[in-house]
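Beneath this line is the structure, given in structure tokens, with notes to follow.
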Amino acid sequence: MPVTIRSSDSALTDEMFQNQENATPHTPYREEVALLRCVRDGDVARLATTYRALPETRYGKMSAERVKRLFYGSIANTTLVTRYAIEGGMDEEEAFSLSDIYIRRMERCADERALGALNEEMALDFTRRVAAAKARAKTYSPAVLRCMDYVNSHRHEKITLAELAHASHIGVKYLSARFRDETGQTVTEYVLEKKIDEAKKLLLYSRRSISEIANDLSFCSQSHFTASFRKMTGVTPGAFRRANGAIAG
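Residues 1 to 249 in the working numbering are what the sequence shown spells out, letter by letter.
Rendered as structure tokens:
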């Protein structure tokens with residue numbers, strides 16, 4: 001029977017021949033996995049050591065342009081790091097959002113050196129966040145962690161104790177007592193703390209007005225938001241924004 005030659009067979013044969021002729025093979029899979037396991041394990045020290053020990057990453061010829069080739073490789077690398085970080089315990093939405101941020105930053109890099117440095121920064125950032133997630137998981141019980149995760153995922157909404165108890169799979173009274181025993185805070189204090197943490201980020205990194213932020217985080221009014229913010233931080237939202245050189249000024 002005649003051999004059926006697909007277009008990919010011809011292209012693959014030529015690609016592998018050229019790689020051998022020009023001594024430009026891809027980085028071995030085992031070297032990629034060595035780095036990715038550091039991310040999954042949240043091992044910052046081992047990640048730095050592994051980066052120093054491994055040769056320069058080789059991404060292959062995804063483009064004729066060197067910077068574009070490295071950019072495509074950086075996207076692939078970020079995608080893998082994101083998945084390994086989620087396996088390591090990082091929150092999925094946080095991981096995917098951080099991935100988007102780094103890919104947009106990579107798109108703006110003008111040279112290979114900047115892209116290479118950003119690749120390392122990205123992997124280190126994910127690894128540190130995985131380490132923090134692992135430390136958190138060792139500190140609190142599953143019920144309290146479920147409560148915290150629900151709060152972190154619903155900071156823009158009004159959150160009730162009944163909703164948190166349901167998400168935590170335990171009763172309201174038991175959750176309240178367990179949460180305070182493990183964290184030293186009431187559930188209500190924790191919810192407010194996380195809303196104020198989010199408010200700080202919005203004040204620093206967005207151009208949203210104080211009234212918009214108060215509404216975004218489901219405070220009953222701007223005055224309630226301002227009073228809560230001052231109680232937690234010692235300053236008003238406007239003073240916080242001005243003192244920290246926020247982009248919104």
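Positions of the beta carbon are idealized from the N, C-alpha and C atoms, including for glycine.
Please read these numbers as outputs of a predicted model, since none were measured by experiment.
Within the same chain, Cβ atoms closer than 6 angstroms to the Cβ of E157 are found at S218, the five residues on either side in sequence being excluded. Assignment of Y190 by DSSP, reduced to helix, strand and coil, places it in the helix class. Three or more Cβ pairs closer than 8 angstroms define a contact, and the stretch 84 to 102 meets that threshold against the stretch 119 to 134. Looking from the CA of A114, the closest CA among D197, L70 and S141 belongs to L70. The beta carbons of V39 and G116 sit about 17 angstroms from each other, so the pair does not count as a contact at 8 angstroms. Per the coordinates, the alpha-carbon of K200 lies some 12 angstroms from the alpha-carbon of R242. CA-to-CA, the gap between A53 and T236 works out to about 49 angstroms.
In the DSSP assignment, A243 falls within the unbroken alpha helix (DSSP H) covering P237 to A243. In this structure, F179 places its C-beta atom within 8 angstroms of the C-beta atom of V187. The stretch 159 to 170 and the stretch 71 to 79 do not touch, with fewer than 3 CB-CB distances between them shorter than 8 angstroms. Between E120 and Y51 a beta carbon distance of about 6 angstroms is seen, short of the 8 angstroms cut, so the two are scored as contacting.
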